[in-house]
Amino acid sequence: MKIYIRLKKRCPAVLTLRLKVIQMSKLPDLGFSKGTIVETIVSSYSADGQPNAAPMGVIMENEQHIIIRFYNSSSTYRNILSKKCAVVNVTSDVETFYRTTFKEANPTGKIPLEWFEKAENVDAPRLRSAEATVEIALAEMKPIDEERTEAVCDVKLVKATKTVPKAYCRALFATVEAIIHATRVKAYLNGDEKQREQALKLLEIIKDYRVLVNRLAPNSRYAEIMSDLTKLVNSWRVES
Ligand SMILES: Cc1cc2nc3c(=O)[nH]c(=O)nc-3n(C[C@H](O)[C@H](O)[C@H](O)COP(=O)(O)O)c2cc1C
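Here's what the structure looks like:
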């Protein structure tokens, strides 16, 4: 311990190194369990090598296999179809969820390139900020319906950092729920009458979550994201 403190005085980066030790892990250690959807960020390269990332709910089939259900309209689906691999990034950072869902929420309109680094075992990028990464290779693609496809993927490598514990705040759940509802609003506002009605209901739910976030975490990054998200969904209402 004494040596560690002396080292830390000379080199503050030691602290970061100590917290960011990369460990080999198993999926259940990271909160995956059979049949349960966990919300992750899937990163992939496009056919011409551009890195991309988007939140996706993934399911552990068993410790060697992961299932992802894509909307065929997503770039992630197209990328995995072309490159046959990706990285499932585990994070609870709400900013990463927001800025990978809505690329237009980034200052340049794109996810910053410095967020990515090359994965080790597959031809895909991983997020530098991820608390854990699961490198996957496509095993099988099956259509679910006209709009969606299910991919079964082989798990190639699981790695986790040793991060400091974060106290749970309900604003995290509320903000991520609002973001996922907003992805549906975007699709439904341009749909038929029933879908437009659904979009209006979702807008009300987003409003309720904003009230909740402002109560639980006023002046926080969660509150800022909810305010930004509200502006974004209102801009689609004007366009539709
Ligand atoms: C928490 C969360 C979970 C999501 N899960 C999925 C999913 O399982 N499948 C999917 O196709 N889209 C899912 N989405 C929506 C996509 O992330 C969103 O449409 C994104 O813009 C797609 O980006 P891309 O075109 O770069 O792939 C989810 C969004 C959020 C916020």
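Numbering that gives the first Met the number 0 applies: residue 0 is where the sequence shown begins, and numbers increase by one. Virtual Cβ for every residue (Gly too), placed ideally from N, Cα, C. As the structure is a computational prediction, the values presented were derived from the model and not from experiment.
Contacting residues, own chain, Cβ-Cβ under 6 angstroms from residue i (five flanking each side not counted)
{"i": "R9", "result": "The predicted position of R9 is uncertain, since its pLDDT is 44 and thus under 50; a value taken from the coordinates is nonetheless stated next. Cβ neighbours of R9 beyond the five flanking positions: none."}
{"i": "A46", "result": "S81"}
{"i": "E238", "result": "none"}
{"i": "R169", "result": "L215"}
Residue i CB to nearest heavy atom of ligand 1 below 6 angstroms
{"i": "F115", "result": "no"}
{"i": "I179", "result": "yes"}
{"i": "V175", "result": "yes"}
{"i": "A104", "result": "no"}
{"i": "M55", "result": "yes"}
{"i": "Y70", "result": "yes"}
{"i": "N213", "result": "no"}
{"i": "S74", "result": "yes"}
{"i": "E238", "result": "no"}
{"i": "T100", "result": "yes"}
{"i": "N51", "result": "yes"}
Residue i versus the options, residue with shortest Cα-Cα distance
{"i": "V232", "options": "T182, V212, V57, Y221", "result": "T182"}
{"i": "A123", "options": "L201, V41, P164, I66", "result": "V41"}
{"i": "M59", "options": "C168, V93, V154", "result": "V154"}
{"i": "V37", "options": "N78, L126, N88, Y44", "result": "N88"}
{"i": "A138", "options": "T95, I67, A170, Y97", "result": "I67"}
{"i": "R147", "options": "E223, P54, Y70, L112", "result": "Y70"}
{"i": "K83", "options": "V57, V151, P164, A166", "result": "V151"}
{"i": "V135", "options": "G190, A170, Q63", "result": "Correcting the residue type first, residue 135 is Ile in the shown sequence and not Val. Checking every option, the nearest Cα to that of I135 belongs to Q63."}
{"i": "W114", "options": "L126, N120, E103", "result": "L126"}
{"i": "I79", "options": "T90, T95, S43", "result": "S43"}
{"i": "M225", "options": "E130, Q194, F96", "result": "F96"}
{"i": "A129", "options": "K141, S91, N120", "result": "S91"}
Close Cβ partners of residue i (< 7 angstroms) along its chain, the five nearest in sequence each way excluded
{"i": "L202", "result": "V184, V232"}
{"i": "A222", "result": "V212, N213, A216"}
{"i": "I204", "result": "H180"}
Residues bridged to residue i (per DSSP)
{"i": "P142", "result": "T148"}
{"i": "V87", "result": "V41, V133"}
Beta-carbon proximity list for residue i, same chain, < 8 angstroms, skipping 5 on both sides
{"i": "I21", "result": "K158, A159, T160"}
{"i": "N105", "result": "R98, P111"}
Beta-carbon separation (whole angstroms), residue i vs residue j, contact threshold 8 angstroms
{"i": "T174", "j": "V93", "result": "5 angstroms"}
{"i": "V86", "j": "V133", "result": "7 angstroms"}
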